[in-house]
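Heads up, the thing below is written out as structure tokens.
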Amino acid sequence: MKIFLDTANLEEIKEAASWGILDGVTTNPSLIAKEKRDFKELIQEICAIVDGDVSAEVISTDFDGMVKEARELARLADNIVVKIPLIKDGLKAVKFLKSEGIRTNVTLCFSPTQAILAAKAGAYYISPFIGRLDDISSDGMNLVKQIVQIYKNYNFETKVLVASVRHPMHVVEAGLIGADVVTMPFKVLEQMIKHPLTDIGLERFLEDWRKAQLELEKKFEKVK
Ligand code: G3P
């Protein structure tokens, strides 16, 4: 399973990269807007830090505009994957960009039928948004299950990138289903490390060690 961070924040990306577990980054226009920086400059900095794919999204919604933006984004770094929305012109753009060797991440996927079309167009990644489905009383993880099964049935090469992740159990469930990638906010990545028994266990080990050292010191003092 590959772990991506869903952020455009350089501090979070540097921190996760320093743990040695970061496989990539996904961004979207909302995440970029939060950073109040020049889009292309920021994307280039992210690409230089991350040893893996970095998704950057187009703003256009028509074929020509998407292709133009995608070409510009692809020129920024070798590890760029262009995020394209799941609309008619988006599918056309995905097909065309594939013929030019530009990899795409088809975003805003909320149904298995959309995922089938993205795969047929030649998407490199499909991004089902599970949290946003859960938010409207639907079952986001069931969508991931359906896409993974359908892609397996037909040997589609498109990788399933689980997005709109809200908590660590989303990561566990995506792993059990066999999704290729999970992209998550930094907060969820931090939550994945935490376990109270780890903290309690470590405290106890260190306390026992300290006590034993003190006893040894006392013993040697007596001998002197
Ligand atoms: O980057 C796309 C996706 O992960 C957004 O998540 O939390 O805004 O639904 P969210």
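With the numbering used here as the guide, the letters of the sequence shown map in order to residues 10 to 233.
Positions of the beta carbon are idealized from the N, C-alpha and C atoms, including for glycine.
Review point. What is the rounded straight-line gap between the Cα of ALA183 and the Cα of PHE214?
Key: As a working mapping, residue 183 is identified with position 174 in the sequence shown. As a working mapping, residue 214 is identified with position 205 in the sequence shown. Computed Cα separation, rounded: 34 Å.
Practice item. Consider the C-beta atom of SER146 and the heavy atoms of the ligand G3P; say whether any pair is separated by less than 7 Å. Key: As a working mapping, residue 146 is identified with position 137 in the sequence shown. No, Cβ of SER146 sits at least 7 Å from all heavy atoms of the ligand G3P.
Practice item. Might you give, ordered along the chain, the residues of its own chain that have their beta carbon closer than 7 Å to the beta carbon of ILE30, omitting 5 neighbours on each side? Key: Reading the sequence shown from its first residue, position 21 is the one you call residue 30. Hits under 7 Å: ILE12.
Point to revise | Own chain residues within Cβ distance below 8 Å of VAL103, not counting five before or after | key: By 1-based counting over the sequence shown, the position of residue 103 is 94. ILE93, THR113, VAL115, ALA127, ALA130, GLY131 and ALA132.
Review point. Where ALA83 and ALA65 are concerned, what is the direct C-alpha to C-alpha distance, given to the nearest angstrom?
Key: What you label residue 83 is simply residue 74 of the sequence shown in a count that begins at 1. What you label residue 65 is simply residue 56 of the sequence shown in a count that begins at 1. Those two C-alpha atoms are separated by around 9 Å.
Check your understanding: Beta carbon of LEU14, beta carbon of MET201: below 8 Å?
Key -> For the purposes of this step, residue 14 is identified with residue 5 of the sequence shown, where counting begins at 1. For the purposes of this step, residue 201 is identified with residue 192 of the sequence shown, where counting begins at 1. No, they are not a contact pair.
Review point. Is the stretch 141 to 154 touching the stretch 177 to 191, taking contact as three or more C-beta pairs under 8 Å?
Key: Yes: at least three Cβ pairs fall under 8 Å.
Check your understanding: For the beta strand (DSSP E) that LYS168 lies in, which residues bound it at each end?
Key -> What you label residue 168 is simply residue 159 of the sequence shown in a count that begins at 1. Counting along the chain, the beta strand (DSSP E) containing LYS168 begins and ends at 168 to 171.
Exercise for review: Name, in chain order, the residues that DSSP records as bridge partners for ASP66.
Suggested key: On the sequence shown, position 57 is the one that residue 66 refers to. According to the sequence shown, residue 66 is Glu rather than Asp. GLU66 pairs with LYS92.
Review point. Does the ligand G3P have even one heavy atom less than 7 Å from the beta-carbon of PHE13?
Key: Counting from one through the sequence shown, the residue named residue 13 turns up at place 4. Not under cutoff, so the answer is no.
**Study point:** Inter-stretch contact at 8 Å, needing at least 3 Cβ pairs: the stretch 46 to 61 / the stretch 70 to 79
**Key:** no
Exercise for review: Kindly provide the ranges of any beta strand (DSSP E) runs that are 3 or more residues long and lie completely inside the stretch 126 to 150, ordered along the chain.
Suggested key: The stretch 126 to 150 is shown to contain whole beta strand (DSSP E) runs of 3 or more residues at 134 to 137, in chain order.
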